[in-house]
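K.L.:
Attaching a single structure in structure tokens format; questions to follow.
Number of protein chains: 2
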Amino acid sequence: MKTTLSLILFGLLSYALHAQQDIFARNEIISPEINADHTVTFRLFGPEASEVTITGSWMPREGFSAPYKEMQKGDSGVWVYTTKVLEPELYRYSFSVDGIRNTDPSNAHAIRDVGSISNIFLIEGGIADLYKVNDVPHGTVAFRWYDSPGNHKKRRLTVYTPAGYENGKKKYPVLYLLHGIGGDEEAWIGSGRAIQILDNLIAQGKAKPMIVVMPNGNVAQKAAPGMSSDGFVVPSFRLPNTMDGTFEATFIDIMNFVESNYRTIKSKKSRAIAGLSMGGFHTANISLNYPNTFDYIGLFSSALGVQSNNVSSPIYENRDEKLQQQNENGFKLYWMAIGNGDMERILKGNQDFREKMDGIGMKYVYKETDGGHTWENWRKYLSEFVPLLFK
Amino acid sequence: MKTTLSLILFGLLSYALHAQQDIFARNEIISPEINADHTVTFRLFGPEASEVTITGSWMPREGFSAPYKEMQKGDSGVWVYTTKVLEPELYRYSFSVDGIRNTDPSNAHAIRDVGSISNIFLIEGGIADLYKVNDVPHGTVAFRWYDSPGNHKKRRLTVYTPAGYENGKKKYPVLYLLHGIGGDEEAWIGSGRAIQILDNLIAQGKAKPMIVVMPNGNVAQKAAPGMSSDGFVVPSFRLPNTMDGTFEATFIDIMNFVESNYRTIKSKKSRAIAGLSMGGFHTANISLNYPNTFDYIGLFSSALGVQSNNVSSPIYENRDEKLQQQNENGFKLYWMAIGNGDMERILKGNQDFREKMDGIGMKYVYKETDGGHTWENWRKYLSEFVPLLFK
Chain A
1 MKTTLSLILF GLLSYALHAQ QDIFARNEII SPEINADHTV TFRLFGPEAS EVTITGSWMP
61 REGFSAPYKE MQKGDSGVWV YTTKVLEPEL YRYSFSVDGI RNTDPSNAHA IRDVGSISNI
121 FLIEGGIADL YKVNDVPHGT VAFRWYDSPG NHKKRRLTVY TPAGYENGKK KYPVLYLLHG
181 IGGDEEAWIG SGRAIQILDN LIAQGKAKPM IVVMPNGNVA QKAAPGMSSD GFVVPSFRLP
241 NTMDGTFEAT FIDIMNFVES NYRTIKSKKS RAIAGLSMGG FHTANISLNY PNTFDYIGLF
301 SSALGVQSNN VSSPIYENRD EKLQQQNENG FKLYWMAIGN GDMERILKGN QDFREKMDGI
361 GMKYVYKETD GGHTWENWRK YLSEFVPLLF K
Chain B
392 MKTTLSLILF GLLSYALHAQ QDIFARNEII SPEINADHTV TFRLFGPEAS EVTITGSWMP
452 REGFSAPYKE MQKGDSGVWV YTTKVLEPEL YRYSFSVDGI RNTDPSNAHA IRDVGSISNI
512 FLIEGGIADL YKVNDVPHGT VAFRWYDSPG NHKKRRLTVY TPAGYENGKK KYPVLYLLHG
572 IGGDEEAWIG SGRAIQILDN LIAQGKAKPM IVVMPNGNVA QKAAPGMSSD GFVVPSFRLP
632 NTMDGTFEAT FIDIMNFVES NYRTIKSKKS RAIAGLSMGG FHTANISLNY PNTFDYIGLF
692 SSALGVQSNN VSSPIYENRD EKLQQQNENG FKLYWMAIGN GDMERILKGN QDFREKMDGI
752 GMKYVYKETD GGHTWENWRK YLSEFVPLLF K
């Protein structure tokens, strides 16, 4: 007897679908299809197209051109491509239709990374199970606005509070987690899967419950593109005052906000800071300039090699002395990781920094992994770093 | 002397751009470009494409086919289309390249609506200024998980708390804001611009500061597609147990969560409920089945005509008696709005319901607007409804 309702609802669906809302896009096409053997089949209906290719984050890169594979057109007008067996990972991909980059109209799941939107899919197993949403207690994700007197503006940040925080009275340690150049306060919860990594590691008892604060490292921005009164601007890789010391100098505004708005343990042993690329550079400099503030420091593919001596900021002065002082003050963990396929300059910057640390007998953990300057590495680094904190 | 840093950063940019992260997509092409006269120019670089069209929410619809316009290919291989002068509004659009639906690779701003992703842009002025992020005090947006014993699962919802809530002690009224079929707990903050509408109306003194709770009306789901352990599923228009009374019956779980986790005023005069389409149907039925709970009821293009008598649930029984009781109990505002271009069945359902209300002398506000079953209307209805609450 439910037929009547179904038919009526189907009428509503058809109406909304065809007449006023293009909310579906050919979803009779299944793409991507993750096959039992962990190959993945992509499909795109396009009988009129002449050439369709796919590029994906699993394809090895050589040189500066994005790798791609041609898709094959079947009799039905559906273009098809099937990968080799893929390792567990969160992958992103896009199509190119007659030379124009395209998202997959059959896949509603996509992530914006700086200025472009790519579709995503996940192959389960191994480390990728940390990137999945699992049936575990979930923390809360909030977008908050804080006052940054140092930047003369209100700015937006993302805060993760672990399961149990909202209804409890307990105080928690804090990890400040910084993004790379071109990123914003949404980068770590998008491509970085930080929420899932934290939820899962905490549920498994591998990480202490902690607050994770993900600020926006571009002081010229109030918020991620589209989220401030600047409107739907084109996301920019390089913004004014990026890496000139201003973010580090005004980081105190973020800490003040967090420590007065959240139940935090306000001590060095309960504060960690980490970041990727530019965020690793920020991390190194914040930990130098805020003495005795952080016991845990994480540098993920840190852009140590890109800082110029020509930028004048007190933040970047007397770094050798500050490093010496940081070493003398002591800390629990200075953790560095980088892909052996990263840029020469970044690799050299990290090597120079380690030599400086070695020179003063400063202890650190250094991991050189495969891969390069990629989210695949940064997710792995976060997954390894977080269990080491606040122990 | 900043040249060195710029060059180094440019190196980093180029590397990340070309070698390991496709984070930019031809952003030398400006699209969309909102011209001074409020015409809008779209551009797409595609020298190899044979036919490129654009469809957008400003194009009038006739019948069941999506309207579209052909784009013109210039000598440079850039396809171009310029609209007529557009009224202030948040618009969405997509391209079609040789028959395949495409997002605009030059526009990083997009919204998922059920199963598809469309690009967006905004023409300022008039009501659209409520949809913009303006330099006003911003509320907080949080994704929370609540326990729904009635559904035997934890479920995700979105909560807006107004500026001042987080640091204050004050108690606030609550608006429960429900989505339509195919939507989820992200619909009102995506296409609905609810955050911006609330921030702006509150800042202008036109609305009382209030908490807005946006739950997921599909009880088969724990969370929006991709946000639960169901993984990156294809979003579905119709899910099991949708509109069978279960959401309404288990709405108590949401209220219990909100009233025990937020500083709410726990009284009828400080509770409002509203919803669009299926959410309007849910709203009507929740207000019938939770007597003396809500003083403010908002039905936006309510799907009153789609409910079948064949679904058996105590929620849908004795509705005439319940309506009589609701009228006798009293309320401050019963507000209904619908577009005159909506489906016949929906229009008739609303008319039948109004006749029933008229029959028992029940007061309501009824607005028939232009347009149909669209987000354009629902944003407008929310913008008109919210200032009427808690006065």
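Protein sequences appear in the order of chains A and B.
Sequential numbering from 1 applies to the first sequence in my numbering.
Sequential numbering from 392 applies to the second sequence in my numbering.
A virtual CB, placed ideally from N, CA and C, is assigned to each residue, including glycine.
Where does Lys348(A) fall in DSSP's three states?
P.N.:
Locating residue 348(A) in the first sequence gives position 348, where the first residue counts as 1. Helix.
K.L.:
Can you say whether His152(A) is buried or exposed, counting buried as having 16 or more other CB atoms within 10 angstroms of its CB?
P.N.:
The residue given as residue 152(A) occupies position 152 in the first sequence. Classification of His152(A): exposed, given that the 10 Å Cβ count is below 16.
K.L.:
Using three-state DSSP, classify Phe121(A) as helix, strand or coil.
P.N.:
Against the first sequence, residue 121(A) aligns to sequence position 121. Note: Phe121(A) maps to strand in three-state DSSP.
K.L.:
Determine which residues share a DSSP beta bridge with Gln324(A) and list them.
P.N.:
For the purposes of this step, residue 324(A) is taken as the residue at position 324 of the first sequence. Partner(s): none; Gln324(A) has no beta bridge.
K.L.:
When you compare the CB of Leu773(B) with every CB in chain A, is at least one pair closer than 9 Å?
P.N.:
Against the second sequence, residue 773(B) aligns to sequence position 382. It does not: the Cβ of Leu773(B) has no partner Cβ on chain A nearer than 9 Å.
K.L.:
By the three-class DSSP mapping on this structure, what secondary structure does Gln404(A) have?
P.N.:
The structure shown does not extend to residue 404(A), since chain A is modelled only from 1 to 391, so the question has no answer here.
K.L.:
Going by DSSP, name the residue or residues bridged to Asn493(B).
P.N.:
Looking up residue 493(B) in the second sequence gives position 102. Asn493(B) is bridged to Phe486(B).
K.L.:
Are Asn342(A) and Gly298(A) touching if we call contact CB-CB under 9 Å?
P.N.:
Translated into the one-based positions of the first sequence, residue 342(A) becomes position 342. Translated into the one-based positions of the first sequence, residue 298(A) becomes position 298. According to the sequence as given, residue 342(A) is Asp; it is not Asn. Going by C-beta atoms, Asp342(A) is not nearer than 9 Å to Gly298(A).
K.L.:
In the stretch 604-623 of chain B, which residues sit with their C-beta less than 9 Å from some C-beta in chain A, listed in chain order?
P.N.:
Lys613, Ala614, Pro616, Gly617, Met618, Ser619, Ser620, Asp621, Gly622, Phe623
K.L.:
Is there a Cβ from chain B that is less than 9 Å from the Cβ of Trp188(A)?
P.N.:
Locating residue 188(A) in the first sequence gives position 188, counting from the first residue. At a cut-off of 9 Å between beta-carbon atoms, Trp188(A) makes no contact with chain B.
K.L.:
Name, going along the chain, the residues of the stretch 276-301 of chain A whose beta-carbon falls closer than 9 Å to a beta-carbon of chain B.
P.N.:
So the close ones are Ser277, Met278.
K.L.:
Does the beta-carbon of Lys363(A) have 16 or more other beta-carbons within 10 angstroms, so that it is buried, or is it exposed?
P.N.:
To locate residue 363(A), count along the first sequence from 1; it is residue 363. By the neighbour-count rule (16 or more Cβ atoms within 10 Å), Lys363(A) is not buried but exposed.
K.L.:
Indicate the three-state DSSP secondary structure (helix, strand or coil) for Phe623(B) in the structure shown.
P.N.:
For the purposes of this step, residue 623(B) is identified with residue 232 of the second sequence, where counting begins at 1. Coil, per DSSP.
K.L.:
Can you tell which of Lys332(A), Ile123(A), Tyr146(A), Lys367(A) has its C-alpha closest to the C-alpha of Tyr262(A)?
P.N.:
Position 262 of the first sequence holds residue 262(A). Ranking Lys332(A), Ile123(A), Tyr146(A), Lys367(A) by Cα distance to Tyr262(A) puts Tyr146(A) first.
K.L.:
List the residues of chain B whose Cβ lies closer than 9 Å to the Cβ of Lys154(A), in chain order.
P.N.:
Taking the first sequence and counting its residues from 1, the one referred to as residue 154(A) is at position 154. Residues of chain B passing the Cβ test: Asp526, Pro528, His529.
K.L.:
Hey, does Ala19(A) have any beta-carbon neighbour from chain B nearer than 9 Å?
P.N.:
The residue given as residue 19(A) occupies position 19 in the first sequence. Note that Ala19(A) scores a pLDDT of 36, beneath 50, so its modelled location is shaky; the value from the coordinates is reported in the next line. Yes, its Cβ sits closer than 9 Å to a Cβ of chain B.
K.L.:
Between Phe385(A) and Arg547(B), what straight-line distance do the alpha-carbon atoms span, to the nearest angstrom?
P.N.:
Counting from 1 along the first sequence, the entry for residue 385(A) is found at position 385. Counting from 1 along the second sequence, the entry for residue 547(B) is found at position 156. Looking at the two C-alpha atoms, the distance is approximately 28 Å.
K.L.:
Taking the straight line between their C-alpha atoms, what separation do you get for Ala691(B) and Lys84(A)?
P.N.:
Position 300 of the second sequence holds residue 691(B). Position 84 of the first sequence holds residue 84(A). Sequence check: residue 691(B) is Phe here, not Ala. Cα atoms of Phe691(B) and Lys84(A): separation of roughly 49 Å, rounded to the nearest angstrom.
K.L.:
Return helix, strand or coil for Thr374(A), following the three-state DSSP convention.
P.N.:
One-based indexing of the first sequence puts residue 374(A) at position 374. It is coil, neither helix nor strand.
K.L.:
May I ask you to report which of helix, strand or coil DSSP gives Ser507(B)?
P.N.:
The count along the second sequence starts at 1 and reaches residue 507(B) at position 116. Residue state, collapsed to three classes: strand.
K.L.:
Look up Phe331(A) in the DSSP assignment and say whether it is helix, strand or coil.
P.N.:
One-based indexing of the first sequence puts residue 331(A) at position 331. Looking at Phe331(A) - three-state DSSP - the assignment turns out to be coil, as it is neither helix nor strand.
K.L.:
May I have the straight-line CA-CA distance separating Arg770(B) from Leu779(B), to the nearest angstrom?
P.N.:
Indexing the second sequence from 1 puts residue 770(B) at position 379. Indexing the second sequence from 1 puts residue 779(B) at position 388. In this structure, the straight-line span from the alpha carbon of Arg770(B) to that of Leu779(B) is close to 15 Å.
K.L.:
How big is the Cα-Cα spacing for Ser456(B) and Gly750(B)?
P.N.:
What you label residue 456(B) is simply residue 65 of the second sequence in a count that begins at 1. What you label residue 750(B) is simply residue 359 of the second sequence in a count that begins at 1. Each residue's Cα considered, the two are about 40 Å apart.
K.L.:
Verify the CB distance criterion: does Ala416(B) have a CB-CB separation below 9 Å to chain A?
P.N.:
Working through the second sequence from its first residue, we reach residue 416(B) at position 25. Model confidence at Ala416(B) stands at a pLDDT of 41, short of 50, so the residue's coordinates are unreliable; what they give is reported in the following sentence. It does: the Cβ of Ala416(B) has a partner Cβ on chain A nearer than 9 Å.
K.L.:
Which residues in the same chain have their Cβ closer than 6 Å to the Cβ of Lys269(A), if we skip the five residues on either side of it in sequence?
P.N.:
Indexing the first sequence from 1 puts residue 269(A) at position 269. Cβ neighbours of Lys269(A) beyond the five flanking positions: Asp295.
K.L.:
What does Leu513(B) touch in chain A if you count any residue whose Cβ is under 8 Å from its own?
P.N.:
Taking the first residue of the second sequence as position 1, residue 513(B) is located at position 122. The answer, in chain order, is Gly231, Phe232.
K.L.:
Measuring only the C-alpha atoms, how far is Asn680(B) from Phe486(B)?
P.N.:
By one-based count along the second sequence, residue 680(B) stands at place 289. By one-based count along the second sequence, residue 486(B) stands at place 95. So the alpha carbons of these two residues sit roughly 45 Å apart.
K.L.:
In this structure, how does DSSP classify Ser148(A) when only helix, strand and coil are distinguished?
P.N.:
In the first sequence, the residue the question calls residue 148(A) occupies position 148. Ser148(A) carries a strand assignment under DSSP once its states are collapsed to helix, strand and coil.
K.L.:
Given a limit of 7 Å on CB to CB distance, which residues of the stretch 486-508 of chain B reach chain A?
P.N.:
Val488, Asp489, Gly490, Ile491, Arg492, Asn493, Thr494, Pro496, Ala499, His500, Ala501, Arg503, Asp504, Val505, Gly506, Ser507, Ile508
K.L.:
Rounding to the nearest angstrom, what Cα-Cα distance links Val365(A) and Gln351(A) in this structure?
P.N.:
Along the first sequence, read from residue 1 onward, the residue named residue 365(A) stands at position 365. Along the first sequence, read from residue 1 onward, the residue named residue 351(A) stands at position 351. Taking the straight line from one Cα to the other gives about 13 Å.
K.L.:
Does any C-beta atom of chain B lie closer than 9 Å to the C-beta of Val141(A)?
P.N.:
To locate residue 141(A), count along the first sequence from 1; it is residue 141. By this cut-off, Val141(A) is an interface position.
K.L.:
Should Asp495(B) go down as buried or exposed, given a rule of 16 or more other Cβ atoms within 10 Å for buried?
P.N.:
The residue given as residue 495(B) occupies position 104 in the second sequence. Buried.
K.L.:
In the stretch 36-56 of chain A, which residues sit with their C-beta less than 9 Å from some C-beta in chain B, listed in chain order?
P.N.:
Contact residues of the stretch 36-56 of chain A toward chain B are Leu44, Phe45, Gly46, Pro47, Glu48, Ala49, Ser50, Glu51, Val52, Thr55 (C-beta to C-beta distance below 9 Å).
K.L.:
Could you have a look at Leu175(A) and say whether DSSP puts it in helix, strand or coil?
P.N.:
The residue you call residue 175(A) lines up with position 175 of the first sequence. Correct three-state label for Leu175(A): strand.
K.L.:
Name the one or two DSSP bridge partners that Tyr551(B) has.
P.N.:
The residue labelled residue 551(B) in the question sits at position 160 within the second sequence. Val532(B), Val603(B).
K.L.:
What residues from chain A crowd round Glu557(B), counting only those whose CB sits closer than 8 Å?
P.N.:
Taking the second sequence and counting its residues from 1, the one referred to as residue 557(B) is at position 166. Chain A residues near Glu557(B): Arg144, Asn261.
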